[in-house]
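Trainee: This is the structure I have questions about; it appears just below.
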Ligand SMILES: Nc1ncnc2c1ncn2[C@@H]1O[C@H](COP(=O)(O)OP(=O)(O)OP(=O)(O)O)[C@@H](O)[C@H]1O
Ligand SMILES: [Mg+2]
């Protein structure tokens, strides 16, 4: 039994189903990222876990005990969770210290203990010298750290983060990403992290959950999701892949506009219309016709851009489809040349659509 | 729940009982009682006779009896007159203040606020002192200047024209506020575009500016009409001596011996319907899209240089302020400090007799002041708290149908004071709930009257407080009530103080509803002023009136220093 379990969770607003039959198991101490495009129901799922919204179907269990169900839910204040909001939600009328101490005061700890715990967390979050400031007097990154400190100081059973970095500039975002992971490794709270930035998900998560239109598309490690997408949506959402459409010749071979591709996984059925994804950087280019045509595609270079670390080609295949290939910068191929692209079988993945 | 917290230094949260649900239920019951109880009794009385049998004869009387029909005609005519005159006063003044470089614009705004704060019944009494046909100060000056006989007079305030004028002096600020706010928001590029094409100033005004502020002008005029229609004090002071009734005074007279409560209830119904209609129309006008898109501000409006017209502008503004504020205030001050009305204030005639009388001799005043102060503080405190929680429930959708509470809280805005007075009298003077004659019935009346403005204050304030601020405290272990107390209320504290101040001011100047509800033991300062007017004791009135004004201005000054104060919020003060 996992620590946190969502089973068959659905949420409807009027006729609109915004979360649809979501099931998920989270191990104690793991960081799980909910990743998906805007409006796919990430915040709604998080708010159900927090107890701000009741599900219409399904239930949420912690340690085997039901905390949310359509028939009634534990209110948020009884869940021993912490949440970091997209807006940070720092209380403008309290200093940094008062903001952080708030949760401890509600737990009726004595003053000395509160002081000690607050000092500790402020030091960890590098906020000690800002303790007496008001939130309005802090930069975005500092506010972010206050909101982290405020959430962590109560030692929650589960930590919920809703796009905590989306208001920061890209440098700060990168820094805070590792900061969050560092704090997590120090305290090991079970964490649900919502984002629509895949790089953020990759660097922070143990498990990534891809959501689309209210449903879960794929659950897996960052590597799983990146290397082995199971659906066209996931492959497109993660980016960096070419997607070719074709017909399954047998369980492992797909005919994509005349190019025969042997793939790493199995197609559901012979003669099915399927899509195949292949990452841009796994493709290699040859200027000579290969001996064995399987997994080789002939095409013409229509664009090539030097990117410093590597070279980015756009190649038009005989079928008229264009693919992108990222290779090393050695031995450039000029525009207009006919080339053969090798799509290695171990990197071709058949997708469900 | 989760007990496995081994190795952690912070204990799991133990949450105390969440009182929010029972509290919300109680609040809902209270609002329903406040609003629906008096209205139900009013309707019940209107459609029954003395033996509690259903009848429509009360309404038939309204049509057939000319002594009941005439007050309606007069009141409507008077209100339309007030609407027109308020427009005439306010629109040019608002334009001068918002759109021209006339010097002293902030002084003018301050004077308009003064007129806003002046209770209309006090203004009416001041105009009695100034323009009564015989004793009026202005008439005396007129006779002295032209050496005329004692019965000649220039002005007679005891006429329908006099009444319209005396009311308009204190209703024009409603139009002024709305129009000048709208003018402030007219994008100046629209005007400039017209000017660049060679249109002279007056063409631009007529073709561009006036159409853009028309909704605000109409809405303001409707408020002025509503105020006039539902006002009791000024007509009672000026129309009764002139020998005619308006609806409000007629309702009041039906409670004089022998009381006819059924007829009074019946006559209240059309007045209530007029009020609802006016409010509804006003909401519709202000809610129109064309008006709200005006809200998008584009640059500071360009001020028009008046040049040699400055003198004319000041002549108009000065005359207006003289008539509405300066002369009445001077009249009150002089009357308070001299022994007889109309006596010039000199070193010889100076006397503190009236102050001595009011504060030490006249036993009723100290009681009335205590009652007024007590009720003001209680209404302001309770009203602020109730409005805060109601706005919280309504805007945060705490319980299903929470918005209904917000709706209930705004209903009283359409109940004229005197109608509420009738309803409360009928609801609480029977043997089920014998509150008549106690301060409780007055507290209920005040709370009902002040609820809409207070609620609207908080309801717009809540829109500016992000829900996540409250949620952040709840997820850390705070119940709804704790979050409201420790997070939301402190964040809204300046709104709360402002609301408190305005409820307090509204309470001490209220007369229309109170006139039917006070008894000898529960007199209020406003009612005492009205009583003293009947006995002709203008000196004492002036003392009490000035005191009311000083307290109001002191509180406004305090509230003005708060960051969230806005002139529009005064709109719902009543006379
Ligand atoms: N209270 C509500 N009433 C009606 N619809 C809602 C409500 N809350 C959310 N929705 C809808 O539910 C859908 C999912 O919303 P949600 O906030 O969960 O998306 P999200 O994945 O967090 O998106 P984003 O990345 O933009 O934050 C959206 O289409 C939204 O319009
Ligand atoms: Mg979201």
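Protein chains in written order, with the numbering used here: chain A, 1 to 353; chain B, 354 to 928.
Glycine included, every Cβ here is placed at the ideal spot set by N, Cα and C.
1. Would you say the beta carbon of residue 18 of chain A is closer than 6 Å to some non-hydrogen atom of ligand 1?
2. Please list, in chain order, the residues of the region 720-754 of chain B that have any C-beta partner in chain A closer than 8 Å.
3. Are the beta-carbon atoms belonging to residue 193 of chain A and residue 161 of chain A less than 7 Å from one another?
4. Express the C-alpha separation of residue 257 of chain A and residue 345 of chain A in angstroms, rounding to a whole number.
5. Below 7 Å between beta carbons: does that hold for residue 595 of chain B and residue 512 of chain B?
6. Taking 7 Å as the CB-CB cut-off, is residue 365 of chain B touching chain A?
7. For the alpha helix (DSSP H) that residue 110 of chain A lies in, which residues bound it at each end?
8. Identify each residue in the region 133-146 of chain A for which the Cβ-Cβ distance to at least one residue of chain B is less than 8 Å, and report them in chain order.
9. Straight-line CA distance for residue 745 of chain B to residue 812 of chain B?
10. For residue 350 of chain A, which option in A:290, A:260 and A:302 has the closest C-alpha, if you only look at C-alpha atoms?
11. For residue 816 of chain B, is the beta carbon positioned less than 6 Å from some heavy atom of ligand 1?
12. Is any heavy atom in ligand 1 found nearer than 6 Å to the beta carbon of residue 522 of chain B?
13. Taking Cβ-Cβ distances below 9 Å as the criterion, which residues of the region 823-851 of chain B are in contact with chain A?
14. How would you list, in chain order, the residues of chain B whose beta-carbon sits under 9 Å from the beta-carbon of residue 154 of chain A?
15. By a C-beta neighbour count over all protein chains shown, 10 Å radius and 16 as the cutoff for buried, is residue 762 of chain B buried or exposed?
16. How many angstroms separate the CA atom of residue 519 of chain B from the CA atom of residue 827 of chain B?
17. I'd like to know if residue 80 of chain A contacts chain B, where contact means its C-beta is closer than 7 Å to some C-beta of that chain.
18. Collect the residues with a C-beta less than 7 Å away from any heavy atom of ligand 2 and give them in sequence order along the chain.
19. Distance, Cα to Cα, residue 285 of chain A vs residue 229 of chain A?
20. Residues of chain A with CB under 9 Å from residue 615 of chain B, in chain order?
21. Got a sec? Which residues, its chain only, sit under 6 Å from residue 649 of chain B by beta carbon, not counting five neighbours each side?
22. Determine whether the beta carbon atoms of residue 156 of chain A and residue 82 of chain A lie at a separation below 7 Å.
23. Using only the alpha-carbon positions, how far apart do residue 287 of chain A and residue 348 of chain A sit?
24. Can you name the start and end residues of the alpha helix (DSSP H) that residue 94 of chain A belongs to?
25. From which residue to which residue does the beta strand (DSSP E) around residue 242 of chain A run?
26. Identify the residues that DSSP records as bridge partners of residue 115 of chain A: which are they?
27. Looking at residue 356 of chain A and ligand 1, is the gap between the Cβ and the nearest heavy atom below 6 Å?
28. Would you mind working out which of B:610, B:463, B:858 and B:517 sits nearest residue 427 of chain B, comparing C-alpha positions?
29. Hey, is the region 581-593 of chain B in contact with the region 475-493 of chain B, meaning 3+ C-beta pairs nearer than 8 Å?
30. Count the other CB atoms, across all protein chains shown, that sit within 10 Å of the CB of residue 713 of chain B; report buried if there are 16 or more and exposed otherwise.
31. Taking the Cβ atom as the reference point for each residue, do residue 449 of chain B and residue 666 of chain B lie within a distance shorter than 7 Å?
32. In chain order, what residues of the same chain lie with their CB nearer than 8 Å to the CB of residue 765 of chain B, ignoring the 5 residues before and after it?
33. Ignoring anything shorter than 4 residues or poking outside the region 180-233 of chain A, list the alpha helix (DSSP H) runs there in chain order.
34. According to DSSP, simplified to helix, strand and coil, what is residue 144 of chain A?
35. Could you round the C-beta distance between residue 875 of chain B and residue 791 of chain B to whole angstroms and report it? I think they count as a contact, below 8 Å.
36. Please confirm if residue 184 of chain A has its CB atom under 7 Å from at least one CB of chain B.
Mentor: According to the structure data:
1. yes
2. none
3. yes
4. 17 Å
5. yes
6. yes
7. Here residue 110 of chain A belongs to no alpha helix (DSSP H), and DSSP marks it neither H nor E.
8. none
9. 7 Å
10. A:260
11. no
12. no
13. 823, 824, 825, 826, 827, 828, 829, 830, 831, 832, 833, 835, 836, 839, 840, 843, 844 and 846
14. 363, 366, 829 and 830
15. buried
16. 54 Å
17. yes
18. A:42, A:43, A:86, A:162, A:163 and A:194
19. 24 Å
20. Here the premise fails: no neighbours, minimum Cβ distance about 48 Å.
21. Below a pLDDT of 50, predicted positions are generally treated as unreliable, and residue 649 of chain B, at 45, falls in that range; the measurement from the model is reported next regardless. Closer than 6 Å at the Cβ level, and outside the excluded window around residue 649 of chain B, lies no residue.
22. yes
23. 21 Å
24. Where residue 94 of chain A is concerned, there is no enclosing alpha helix (DSSP H), given that its DSSP letter is neither H nor E.
25. 241-248
26. Partner(s): none; residue 115 of chain A has no beta bridge.
27. This structure cannot speak to residue 356 of chain A, because chain A is shown only from 1 to 353.
28. B:517
29. yes
30. exposed
31. yes
32. 387, 388, 773, 801, 802, 804 and 805
33. 198-204 and 222-227
34. helix
35. 7 Å
36. no
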